[in-house]
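Chemist: The opening position of the sequence shown corresponds to residue 1 in the UniProt record's numbering, with each subsequent residue numbered one higher. To start, I am sharing the structure in question, which I have written as structure tokens.
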Amino acid sequence: MLKTLVADTNAIFYLMIVVGVIGVLGKIVNQITLRRMITAAGNMSKSTHKLMKLVRAKYEHACMIHDTVDNVEAFVEKYIYEYRGFLLRIHTWKQLEIQSIWFSGALAAFGGLSSYIVSGFSERMYQYIGAGAAEMIALFVISQLSDEGYKIKAAKNYMVDYLENVCAHRYKKAKQTERDNIDVISPEGAGTSRAAVQKDAVQKKAAPREEPELSINIEGEPRRVEKEERVRQSRGAALKEKLEDNEQPALKEEAIRQILEEFLA
Numbered sequence: 001m002l003k004t005l006v007a008d009t010n011a012i013f014y015l016m017i018v019v020g021v022i023g024v025l026g027k028i029v030n031q032i033t034l035r036r037m038i039t040a041a042g043n044m045s046k047s048t049h050k051l052m053k054l055v056r057a058k059y060e061h062a063c064m065i066h067d068t069v070d071n072v073e074a075f076v077e078k079y080i081y082e083y084r085g086f087l088l089r090i091h092t093w094k095q096l097e098i099q100s101i102w103f104s105g106a107l108a109a110f111g112g113l114s115s116y117i118v119s120g121f122s123e124r125m126y127q128y129i130g131a132g133a134a135e136m137i138a139l140f141v142i143s144q145l146s147d148e149g150y151k152i153k154a155a156k157n158y159m160v161d162y163l164e165n166v167c168a169h170r171y172k173k174a175k176q177t178e179r180d181n182i183d184v185i186s187p188e189g190a191g192t193s194r195a196a197v198q199k200d201a202v203q204k205k206a207a208p209r210e211e212p213e214l215s216i217n218i219e220g221e222p223r224r225v226e227k228e229e230r231v232r233q234s235r236g237a238a239l240k241e242k243l244e245d246n247e248q249p250a251l252k253e254e255a256i257r258q259i260l261e262e263f264l265a
């Protein structure tokens with residue numbers, strides 16, 4: 001089976017080609033994804049990039065709940081890590097670039113060793129070794145053409161700068177304006193300001209409290225107790241004087257009648 005795989009077919013060569021294509025594809029995808037990300041991050045306030053819209057929405061939501069975001073860099077890194085440019089994450093494509101170099105070398109070594117076991121030192125063994133070395137060098141050079149880590153850091157710096165220096169201040173200003181609108185009620189609302197309400201409350205507290213007046217309701221009309229007492233005392237004194245001055249029975253009866261009427265009233 002090993003002889004058939006090595007000598008009669010070119011399966012290992014095909015696998016090496018597939019691995020090389022995957023490495024190059026990972027580099028191309030990362031290049032396109034990171035270029036778009038940097039362009040969108042540079043104009044984050046107007047960008048329609050899905051990552052930028054997601055980060056803006058999540059940041060505003062976090063500020064609404066917690067009033068502020070303490071670690072903006074960690075906040076941005078989380079969404080960059082979870083972002084899928086094309087099917088896979090940026091970090092995954094980067095790993096495919098690196099792993100393709102080692103897989104191509106491993107396949108070349110396996111092919112050369114198998115060819116040596118089957119037919120000794122032969123031309124096919126040197127072909128495996130030469131093709132594997134050339135593919136590894138080519139993939140390594142392609143992977144070094146651009147620095148994905150630097151581009152990710154640049155995009156992150158743009159995003160952090162916008163969130164901390166623009167979005168945060170804008171949110172704080174809007175929130176302060178909202179608080180001011182709540183504190184001061186507009187005249188169209190037919191209300192008074194909080195200062196006027198507090199002034200009225202202070203005046204009510206400072207005003208002397210009036211003692212409740214005890215009254216006796218006679219035929220539905222209130223009467224003060226003190227006034228009634230004074231009237232009774234004055235009438236009683238007048239009647240007493242009359243009794244003392246005039247000892248006639250008729251006057252006594254009249255006085256008694258008036259006293260009874262007064263008390264019955």
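Where a beta carbon is used, it is the ideal one built from N, C-alpha and C, also for glycine. Keep in mind it's a predicted model, so treat the numbers as computed, not measured.
Is alanine 108 near alanine 138, with beta carbons less than 9 Å apart?
Modeler: Sequence index remark: in the sequence shown, residue 108 carries index 108 (1-based). Sequence index remark: in the sequence shown, residue 138 carries index 138 (1-based). No. Outside cutoff.
Chemist: So, does the CB of serine 115 fall closer than 9 Å to a CB anywhere in chain B?
Modeler: No chain B appears in the structure shown, which is made up of a single protein chain.
Chemist: Taking the runs of the beta strand (DSSP E) that are 3 residues or longer, which of them lie wholly in the stretch 45-114?
Modeler: Fully contained in the stretch 45-114 are the following beta strand (DSSP E) runs of length 3 or more, in chain order: 84-86.
Chemist: Using 9 Å as the threshold, is the C-beta distance between lysine 30 and glutamate 82 below it?
Modeler: Position 30 of the sequence shown holds residue 30. Position 82 of the sequence shown holds residue 82. Reading the sequence as shown, one finds asparagine at residue 30 and not lysine. Cβ atoms of asparagine 30 and glutamate 82: not closer than 9 Å.
Chemist: Here's the rule: buried if 16 or more other CB atoms are within 10 angstroms of the residue's CB, otherwise exposed. What is tyrosine 158?
Modeler: Position 158 of the sequence shown, counted from the first residue, corresponds to residue 158. Buried: at least 16 other Cβ atoms inside 10 Å.
Chemist: Report the three-state DSSP secondary structure of valine 19 (helix, strand or coil).
Modeler: Working through the sequence shown from its first residue, we reach residue 19 at position 19. Three-state result, valine 19: helix.
Chemist: Relative to the C-alpha of glutamine 144, which residue among Gly23, Val18, Phe13 is closest?
Modeler: Taking the first residue of the sequence shown as 1, we reach residue 144 at position 144. Considering only alpha carbons, the answer is Gly23.
Chemist: Mapping the DSSP letters down to three states, classify phenylalanine 140 as helix, strand or coil.
Modeler: Position 140 of the sequence shown, counted from the start, is the residue given in the question as residue 140. Looking at phenylalanine 140 - three-state DSSP - the assignment turns out to be helix.
Chemist: With three or more beta-carbon pairs closer than 8 Å as the criterion, would you say the stretch 57-69 touches the stretch 112-126?
Modeler: Result no; under three Cβ-Cβ pairs closer than 8 Å.
Chemist: Nearest to threonine 9 by alpha carbon, out of Arg56, Glu261, Gly111, Lys94?
Modeler: Mapped onto the sequence shown, residue 9 falls at position 9. Of the listed residues, the one whose Cα sits closest to threonine 9 is Gly111.
Chemist: Hey, could you find the ends of the alpha helix (DSSP H) glutamate 149 is sitting in?
Modeler: Taking the first residue of the sequence shown as 1, we reach residue 149 at position 149. Checking the sequence, you will find glycine at residue 149 rather than glutamate. Start and end: 148-162.
Chemist: Any idea what DSSP makes of threonine 9, helix, strand or coil?
Modeler: Your numbering for residue 9 matches position 9 in the sequence shown. Of the three classes helix, strand and coil, the one that applies to threonine 9 here is coil, per DSSP.
Chemist: In this structure, does DSSP put asparagine 43 in helix, strand or coil?
Modeler: Numbered from its first residue, the sequence shown carries residue 43 at position 43. In this structure, asparagine 43 counts as coil in the three-state DSSP scheme.
Chemist: How about glycine 26 and tryptophan 102: are their beta carbons less than 9 Å apart?
Modeler: Counting from 1 along the sequence shown, the entry for residue 26 is found at position 26. Counting from 1 along the sequence shown, the entry for residue 102 is found at position 102. Not closer than 9 Å, so no.
Chemist: May I ask you to report which of helix, strand or coil DSSP gives leucine 34?
Modeler: Translated into the one-based positions of the sequence shown, residue 34 becomes position 34. Leucine 34: helix per DSSP, three-state reduction.
Chemist: Output the distance between the C-alpha atoms of asparagine 165 and glutamate 73, rounded to the nearest integer angstrom.
Modeler: Walking along the sequence shown from the start, residue 165 turns up at place 165. Walking along the sequence shown from the start, residue 73 turns up at place 73. Roughly 13 Å between the two C-alpha positions.
Chemist: Measure the C-alpha to C-alpha separation of arginine 124 and serine 100 and round it to an integer number of angstroms.
Modeler: The sequence position of residue 124 within the sequence shown is 124, counting from 1. The sequence position of residue 100 within the sequence shown is 100, counting from 1. If you take the alpha carbons of arginine 124 and serine 100, they lie about 22 Å apart.
Chemist: With a CB to CB cut of under 6 Å and the five nearest residues on each side skipped, what residues in its chain are close to aspartate 161?
Modeler: What you label residue 161 is simply residue 161 of the sequence shown in a count that begins at 1. Taken in chain order, the list of residues that qualify is empty.
Chemist: What residues in its chain sit with their C-beta under 6 Å from that of glycine 120, if we drop five residues either side in the sequence?
Modeler: Translated into the one-based positions of the sequence shown, residue 120 becomes position 120. For glycine 120, where only same-chain residues beyond five positions count, there are no Cβ hits under 6 Å.
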